[in-house]
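Undergrad: Dropping a structure here in structure tokens format, bear with me for questions.
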Amino acid sequence: MRPGLTAVPIVGLLAAILVSQGCTSTSQAATDVINVEIHHSHFFPSKLSVAHDETVHFVVHNTDPIDHEFIVGDQATQDRHEHGTEDHHDGSVPGEISVPAGAVVETTYHFGPPSQKQIFYGCHLPGHWAYGMHGPIRVSS
Amino acid sequence: MARRWMALVAVLGGTLLTMGVVAGPALACAGLVTPGGNVRLVRTGTLAAYHAGVEHYITSFQFEGGGAEFGSIVPLPAIPSNIERGGDWTLQRLDREVNPPPPPPPAAEGQPVVEAAAAEEIENTKIDALDITILKGGGASVGQWARDHGFKLTPDAPEVLDFYAERSPIFMAARFDAQEAQDRGQQVGDGTPIHLTIPVSNPWVPLRILGLGDSGDTKIDANVYLLTDRTPALLPTPGTPLGFGLIPLRSEQASTQLLDDLRTDKGMDWVPQSMWFTAFRVAEEAGRLHYDLAVDASGRGRPSLIWAGLRRPPKPAPPTTVRPTTTVAPAPTVAPTTTAALELALPPDQLIEPQRAASESAPVDLGLAVAGVGALAGAAVATAVIARRRLLR
Chain A
1 MRPGLTAVPI
11 VGLLAAILVS
21 QGCTSTSQAA
31 TDVINVEIHH
41 SHFFPSKLSV
51 AHDETVHFVV
61 HNTDPIDHEF
71 IVGDQATQDR
81 HEHGTEDHHD
91 GSVPGEISVP
101 AGAVVETTYH
111 FGPPSQKQIF
121 YGCHLPGHWA
131 YGMHGPIRVS
141 S
Chain B
1 MARRWMALVA
11 VLGGTLLTMG
21 VVAGPALACA
31 GLVTPGGNVR
41 LVRTGTLAAY
51 HAGVEHYITS
61 FQFEGGGAEF
71 GSIVPLPAIP
81 SNIERGGDWT
91 LQRLDREVNP
101 PPPPPPAAEG
111 QPVVEAAAAE
121 EIENTKIDAL
131 DITILKGGGA
141 SVGQWARDHG
151 FKLTPDAPEV
161 LDFYAERSPI
171 FMAARFDAQE
181 AQDRGQQVGD
191 GTPIHLTIPV
201 SNPWVPLRIL
211 GLGDSGDTKI
221 DANVYLLTDR
231 TPALLPTPGT
241 PLGFGLIPLR
251 SEQASTQLLD
261 DLRTDKGMDW
271 VPQSMWFTAF
281 RVAEEAGRLH
291 YDLAVDASGR
301 GRPSLIWAGL
311 RRPPKPAPPT
321 TVRPTTTVAP
331 APTVAPTTTA
341 ALELALPPDQ
351 LIEPQRAASE
361 SAPVDLGLAV
371 AGVGALAGAA
381 VATAVIARRR
391 LLR
């Protein structure tokens with residue numbers, strides 16, 4: 001094998017490392033990925049922390065044999081869904097998506113500037129929020 | 001066999017009557033509610049009777065009206081060898097034993113007293129308006145099966161199903177067709193008793209399932225009756241700090257009258273001449289009812305922590321460490337105490353004991369081997385010395 005051929009993947013690997021380093025060092029105004037697992041009708045992790053002006057890509061894995069949903073928003077948003085009639089969220093609204101049993105779904109949500117409003121994530125299928133399917137999101141400045 | 005089925009039908013019929021008569025404290029929802037939620041399937045008192053290695057588990061589902069379907073899931077310790085309609089009399093008679101009717105007023109004295117009468121589907125049967133399915137599978141697969149069959153699982157269901165599947169992968173799903181109940185002329189308050197015959201090493205009564213779907217502060221209220229050959233050891237023991245939510249009602253030798261009465265019900269001719277009668281009332285908040293009732297009816301006084309739900313069962317040992325078994329598939333005519341189902345029913349902690357014994361036996365075997373090699377070596381040296389002496393002579 002020629003030396004040049006072996007150098008190509010090494011250079012590519014270095015480039016990938018540099019790119020990934022750049023992404024993590026400039027988390028603000030960039031897209032971060034947060035994995036959320038649903039197990040026994042609870043979210044793991046049970047609370048999240050993000051930076052303001054950050055766009056977060058949520059990957060939600062439902063390990064339960066029942067359907068759930070993942071709704072991000074302030075208290076007013078959560079109240080609206082808790083008392084609403086939407087039985088399905090197709091993901092067209094950022095931060096709002098249904099999570100069928102055993103499925104992995106993704107949704108993206110942009111956290112704006114720091115606000116007095118507390119942001120939550122939760123599930124509003126009947127009885128799920130009351131059962132504990134919700135958590136706070138701390139938006140750091 | 002025909003007699004057995006007739007007995008079962010009688011037991012179920014009696015339970016129906018019982019359900020219509022029994023009121024008050026013996027009602028507890030155990031449901032997976034349909035979205036409509038206009039039908040309620042209610043569980044009343046439960047009898048777990050244990051004799052000759054077989055648990056007779058009798059519970060009842062009561063029709064409370066509505067026009068939709070309804071379902072319920074009951075965890076079981078093992079695969080039932082028989083499912084039939086319970087008699088109409090058994091649960092009612094047991095309720096009367098712990099809640100005797102008030103004495104008749106003086107004016108009534110002398111008058112004749114009228115006694116008020118991905119889961120594997122192991123088996124499917126239909127009893128009245130109930131479609132009964134015996135399932136085998138883990139919590140997730142049973143949940144998936146329930147979901148695929150129209151059950152609406154409540155948010156606590158995944159954890160509760162896993163809780164039970166860790167102990168026994170056997171569940172009974174009962175699907176209630178309210179329309180058929182109405183077509184059959186069932187009235188609100190009518191119940192359908194189910195009599196399960198389950199070969200097990202010890203009886204067991206699932207209690208945590210009573211709170212399925214209820215909020216944490218919902219008060220569970222149900223009666224549990226036990227009939228055993230000996231005085232049973234219970235865990236939790238009703239009335240103790242651990243079993244604070246279990247109110248003891250009776251613990252006594254069953255009266256001859258009670259046993260005679262029960263024996264007259266269909267499916268109850270197995271009741272022997274002497275049994276110990278235990279009764280208690282489950283009066284616990286759903287949020288605190290995170291345990292079941294483990295029973296040791298053997299006289300050893302060692303109910304299983306695992307079957308009580310107070311300790312998680314150990315994970316199954318890797319197949320390579322499991323001693324080969326020569327279990328023979330049970331024949332339908334074999335006595336239930338010797339079937340493979342009995343092995344399934346053994347509490348996991350009891351199943352582990354032979355494995356522990358096997359692992360502990362390894363050093364002993366090694367020691368014997370070393371001693372044997374040493375003895376052979378010694379004998380060889382001695383033989384060589386004797387031979388050398390003979391040569392020197």
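Chains A and B supply the protein sequences, listed in that same order.
Everything in the first sequence is counted per the working numbering, starting at 1 for the first residue and increasing by one.
Everything in the second sequence is counted per the working numbering, starting at 1 for the first residue and increasing by one.
A virtual CB, placed ideally from N, CA and C, is assigned to each residue, including glycine.
1) Say whether chain B places a C-beta atom closer than 7 angstroms to the C-beta of residue 83/A.
2) Do the stretch 180 to 199 of chain B and the stretch 227 to 241 of chain B make contact, defined as three or more Cβ pairs closer than 8 angstroms?
3) Which residues bound the alpha helix (DSSP H) around residue 53/A?
4) Going by other Cβ atoms of all chains shown within 10 Å of its Cβ, with 16 needed for buried, is residue 113/A buried or exposed?
5) If the cut-off is 8 angstroms on Cβ atoms, which residues from the stretch 155 to 175 of chain B count as contacting chain A, listed in chain order?
6) Please compile the residues from chain A whose C-beta is within a distance smaller than 7 angstroms of the C-beta of residue 147/B.
7) Check whether chain A comes within 7 angstroms of residue 47/B, counting only Cβ atoms and requiring the distance to be less than that.
8) Along chain B, which residues have their Cβ under 9 angstroms away from the Cβ of residue 135/A?
9) Which of the residues in the stretch 34 to 65 of chain A, read from start to end, lie with their CB under 8 angstroms from any CB of chain B?
10) Given that residue 286/B touches chain A, what residues does it touch there, using C-beta distances under 7 angstroms?
11) Measuring alpha carbon to alpha carbon, tell me which residue in 90/A, 141/A, 136/A is nearest residue 44/A.
12) Where are the beta strand (DSSP E) runs, 3 residues long or more, that stay fully inside the stretch 150 to 187 of chain B, in chain order?
13) Could you please give the first and the last residue of the uninterrupted beta strand (DSSP E) stretch that includes residue 191/B?
14) Mind checking residue 124/A: buried by the 16 CB within 10 Å criterion, or exposed?
15) I need the DSSP call for residue 306/B, collapsed to helix, strand or coil.
16) Residue range of the alpha helix (DSSP H) that residue 144/A falls in?
17) Counting pairs of Cβ atoms below 8 angstroms between the stretch 158 to 174 of chain B and the stretch 46 to 55 of chain A, do you hit three or more?
18) Given that a residue counts as buried once 16 or more other Cβ atoms are within 10 Å of its Cβ, and exposed if not, what is residue 214/B?
19) Bridge partners for residue 204/B per DSSP, in chain order?
20) What first and last residue would you give for the alpha helix (DSSP H) that runs through residue 145/B?
21) For residue 92/B, does the count of other Cβ atoms within 10 angstroms reach 16, so buried, or fall short, so exposed?
22) Which of the three DSSP states is assigned to residue 137/A in this structure?
23) Would you identify the three-state DSSP class for residue 122/A, choosing helix, strand or coil?
TA: On the basis of the coordinates in this document:
1) no
2) no
3) Residue 53/A -> no alpha helix (DSSP H), and no H or E assigned at all.
4) exposed
5) 155, 156, 157, 158, 159, 161, 162
6) 65, 66, 101
7) no
8) Here the premise fails: no neighbours, minimum Cβ distance about 15 angstroms.
9) 39, 40, 41, 63, 64, 65
10) At a C-beta separation below 7 angstroms, residue 286/B has no neighbours in chain A, since its nearest C-beta there lies roughly 12 angstroms away.
11) 136/A
12) 170 to 177
13) 191 to 199
14) buried
15) coil
16) Because chain A in this structure spans residues 1 to 141, residue 144/A falls outside the shown range and cannot be described.
17) In short, these stretches do not touch, since the Cβ pair count stays below three.
18) Classification of residue 214/B: buried, given that the 10 Å Cβ count is 16 or more.
19) Answer is 294/B.
20) 139 to 148
21) buried
22) strand
23) strand
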